[in-house]
Each structure stands twice: as structure tokens, then as C-alpha cells.
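K.L.:
Pasting a structure below so you can have a look.
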């Protein structure tokens, strides 16, 4: 799934400027913020919690940053085929849409963590979320 052909839940408002992106993982969720005007993104944090605590912390970040829309990286095999983590990331995106009440765009996140690690990132999950968001921002008209 390319950024241009990303699936969406909800409609991203025209003129949307502020986005939060999420690199979902079973144990951690990396978070980044970005701006459509400058088309830049910055890593924010990694939420290393599960269950209700994870949601409390993620929703607190959303409340603090007040983004116009959310971006979720969806993993797949190198050939683009779905695997077990693909379904879990899509479930997270649906839940995020339902809990935050904001539009959610899914983009292909293949290799984002590997790219973050290769760049020497101290927080690879947040850096991967940043890479995911930069990919989305580059796809905007």
C-alpha cells in the first residue's frame, strides 16, 4: 500500500496541517508529529505500555497535540503481501479512529524501523513513526 493509495477511515479535512503518526508494535508504539505546510516531521516519543495504559497515553498525546488527522504505518511482506502484523496494525488503526474520533490514514511502513536503526536513532520506534509520516507528507498534493 503506497502513501498515495493509502486506506483511510474518515476524511482528512481540506487544509489539514498537523498530523500525528504511529509506528504500531505489539510492545511499543512510536509517535511522531508533522506539519503539512513545511512537510516535515519530528519524532516525539515511544509509548511502551499495554492495554488501557497504552490507550490513555496515546489519547493524551492526541489531546495535547490536537492533530487534524492521524497516520498509521501498516507492515507487510517485502512483496506487499499481508501478514499477521498487518491485521494487528489495521485493527490498531480502526481502534484509534474510534477512540480519537479523527481521520486515520494508513501507509506502507516496510523497512521504516530498519531505516531508523541504520540512521543510528536512539528511539527507533519514534524515528520510524517520523519516517512513516514523512512518507505520507511527501504524497500530499
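Residue numbers (our numbering): 482 to 622.
From the three backbone atoms N, C-alpha and C, an ideal C-beta is built for every residue, glycine too.
1) Enumerate in chain order the residues of its own chain whose CB-to-CB distance from residue 547 is below 8 Å, with the five nearest sequence positions on each side excluded.
2) What is the C-beta distance between residue 540 and residue 581, in whole angstroms, given that I count them as a contact (C-beta under 8 Å)?
3) Residue ranges of each alpha helix (DSSP H) run of no fewer than 4 residues wholly in the segment 527-595, ordered along the chain?
4) Please report how far the alpha carbon of residue 497 lies from the alpha carbon of residue 618, in whole angstroms.
5) Can you tell me the Cα-Cα spacing of residue 483 and residue 508, whole angstroms?
6) Can you tell me the Cα-Cα spacing of residue 600 and residue 612, whole angstroms?
7) Quick one: measure Cβ to Cβ for residue 506 and residue 606, integer angstroms, because I've assumed they're closer than 8 Å.
8) When we look at the beta-carbon of residue 485 and count the other beta-carbons within 10 Å, is it buried (16 or more) or exposed?
9) Pick out whichever of 593, 518, 616 and 527 has its Cα sitting closest to the Cα of residue 512.
10) Report the residue from 620, 615, 589 and 584 whose alpha carbon sits nearest the alpha carbon of residue 549.
11) So is residue 621 in contact with chain D if we call contact Cβ pairs under 7 Å?
P.N.:
According to the structure shown:
1) These residues qualify, in order along the chain: 499.
2) Contact flag correct, Cβ pair sits at about 6 Å.
3) As far as the segment 527-595 is concerned, its whole alpha helix (DSSP H) runs of at least 4 residues are 532-546 and 565-581.
4) Going from the Cα of residue 497 to the Cα of residue 618 covers about 11 Å.
5) With a pLDDT of 38 at residue 483, under the threshold of 50, the modelled position of this residue cannot be trusted; read the value that follows with caution. Rounded to the nearest whole angstrom, the CA to CA distance from residue 483 to residue 508 is 25 Å.
6) If I take the Cα positions, the gap works out to 11 Å.
7) Their Cβ separation, rounded to whole angstroms, is 6 Å, which keeps residue 506 and residue 606 in contact under 8 Å.
8) Confidence at residue 485 is low in this model, with a pLDDT of 36, below 50, so its placement is unreliable and the value that follows should be read with caution. Taking every protein chain shown into account, the CB of residue 485 has fewer than 16 other CB atoms within 10 angstroms, so this residue is exposed.
9) The residue with the shortest Cα to Cα distance from residue 512 is 527.
10) The candidate whose alpha carbon is nearest that of residue 549 is 584.
11) The chain inventory of the structure shown lacks chain D, comprising one protein chain alone.
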